[in-house]
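Residue numbers (my numbering): 13 to 285.
Backbone N, C-alpha and C define an ideal beta-carbon position, used for all residues, glycine too.
All of these numbers come straight from a predicted model, not from anything done at the bench.
Everything on this sheet refers to the single structure shown next.
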């Protein structure tokens, strides 16, 4: 799945790269690292099913993060709410979506080019878990995500901003060739539970006490969101919709700067390019 999707991304979003072999390879590596999350969806599905319903260990008092000030609370809550609204508006806008992949199990991946030639992806699937179980797994127990998602090395909650909003630091897992280096994400995550389902939104944020870390590329994704809704015919299953929103151009620029100083990176040799 990955090679086809990556070529499609490069062809649609960056047609000028077709005649520039070196840059095209760079773009493939950049976009490929993002799309790898989608490629691993089948593996993640199996882990989700295995972890749903497992016992949740309450954090110890010494591990609890200090409560932020009221000013900080308002800032992060508003940022999380705005990210969710923006991402949901992208999902609800039905125009411009193109089906990229349809799996035999019913999973569908679509893409859309938005303003600034930026590309977003939408994944639709049905999971064998209830809405509450998935909410617990994806938000309440977010620090355990690395146990079942191979694209993540670790996630730490830096701030608890009430019951619906958190600030997290995420470190991506190392990839073969490691061309653009390990990335880390500083994000605000917001949740909303309604009768219609659970909504999880997020976006990149800033924290003075947690600047970019040495050895990592600080990536900025979002706004993004996940919508989880119970199936009418079987409420033990959920309809899962995920909007993946990435700033490819920013990562591409960093990647190109790296390639100037290292014209034949190891990943090209490993990939046979």
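Open item on the list: Measuring alpha carbon to alpha carbon, tell me which residue in 208, 216, 95, 120 is nearest residue 144.
Closed with: Shortest Cα-Cα distance from residue 144 to any of 208, 216, 95, 120 involves 208.
TODO: May I ask which residues mark the beginning and end of the beta strand (DSSP E) holding residue 196?
DONE: Per DSSP, residue 196 belongs to the beta strand (DSSP E) from 195-206.
Open item on the list: Out of 252, 175, 257, which one is the CA nearest neighbour of residue 295?
Closed with: With the chain represented from 13 up to 285, any question about residue 295 goes unanswered, as that position is not in the structure.
Task: Under 7 Å between C-beta atoms of residue 203 and residue 182 - done: No.
TODO: Please determine, among 152, 160, 82, 105, the residue with the shortest C-alpha to C-alpha distance to residue 126.
DONE: It is 105.
Task: residue 112 burial status per 10 Å Cβ neighbour count (16 or more: buried) - done: Residue 112 comes out buried.
Task: Sub-7 Å separation of residue 240 and residue 254 beta-carbons - done: It is not a contact, given that the beta carbons lie outside the stated cut-off.
Open item on the list: Which same chain residues end up closer than 8 Å to residue 196 when comparing Cβ atoms and leaving out the 5 residues on each side of it in sequence?
Closed with: 181, 182, 183, 184, 224, 225, 228, 229, 230, 231.
Task: Top-ranked residue by Cα proximity to residue 167, from 246, 159, 174 - done: Comparing alpha carbon positions, the residue from 246, 159, 174 closest to residue 167 is 159.
TODO: Check whether the Cβ atoms of residue 213 and residue 137 sit closer than 7 Å, and answer yes or no.
DONE: Cβ distance not < 7 Å, so residue 213 and residue 137 don't count as in contact.
Open item on the list: Taking the alpha helix (DSSP H) that residue 87 belongs to, which residues open and close that run?
Closed with: For residue 87, the uninterrupted alpha helix (DSSP H) segment begins and ends at 82-104.
TODO: Measure the C-alpha to C-alpha separation of residue 150 and residue 172 and round it to an integer number of angstroms.
DONE: For residue 150 and residue 172, the distance between alpha carbons rounds to 15 Å.
Task: Outcome for residue 148 when other beta-carbon atoms lying within 10 angstroms are tallied against a minimum of 16 - done: By the 10 Å Cβ count, residue 148 comes out buried.
Task: DSSP three-state assignment for residue 209, whether helix, strand or coil - done: Look at residue 209 here: in three-state DSSP terms it is strand.
TODO: Compare the C-beta of residue 236 against all C-beta atoms of chain B and say whether one is closer than 7 Å.
DONE: You won't find chain B in this structure, because it holds only one protein chain.
- [ ] Go to residue 136, then tell me how far its alpha helix (DSSP H) extends in each direction, as first and last residue.
- [x] Counted as a single uninterrupted DSSP element, the stretch harbouring residue 136 is not any alpha helix (DSSP H) but the beta strand (DSSP E) occupying residues 130-139.
TODO: Over the uninterrupted alpha helix (DSSP H) stretch that includes residue 146, give me the two end residues.
DONE: Segment 143-147, the alpha helix (DSSP H) holding residue 146.
TODO: Can you grab the Cα-Cα spacing for the pair residue 250 / residue 117, in whole Å?
DONE: Distance from the CA atom of residue 250 to the CA atom of residue 117, rounded to whole angstroms, is 14 Å.
- [ ] Could you tell me if residue 91 is buried or exposed, where buried requires 16 or more neighbouring beta carbons within 10 angstroms of its beta carbon?
- [x] With 16 or more neighbouring CB atoms inside 10 Å of its own CB, residue 91 falls in the buried class.
Open item on the list: Tell me the DSSP secondary structure of residue 184 in three-state form.
Closed with: Judged by DSSP in its simplified three-state form, residue 184 adopts strand.
TODO: Within its chain, find whatever has a CB closer than 8 Å to the CB of residue 169; leave out the 5 residues flanking it on each side and keep chain order.
DONE: So the list reads 77, 154, 155, 178, 179, 180, once near-sequence residues are dropped.
- [ ] Using DSSP bridges, identify the partner residues of residue 242.
- [x] When DSSP reads this structure, residue 242 sits in a beta bridge with 250.
TODO: Let me know if residue 86 comes out buried or exposed under the rule of 16 or more other beta-carbons within 10 Å of its beta-carbon.
DONE: So residue 86 ends up on the exposed side.
TODO: Just mark residue 257 as buried or exposed, buried being the case when its beta carbon has 16 or more other beta carbons within 10 Å.
DONE: Under this definition residue 257 is a buried residue.
- [ ] Would you list the residues sitting across from residue 63 in a DSSP beta bridge?
- [x] Beta-bridge pairing links residue 63 to no other residue.
- [ ] With DSSP as the reference, please indicate the residues paired to residue 230 in a beta bridge.
- [x] DSSP lists 196 as partners of residue 230.
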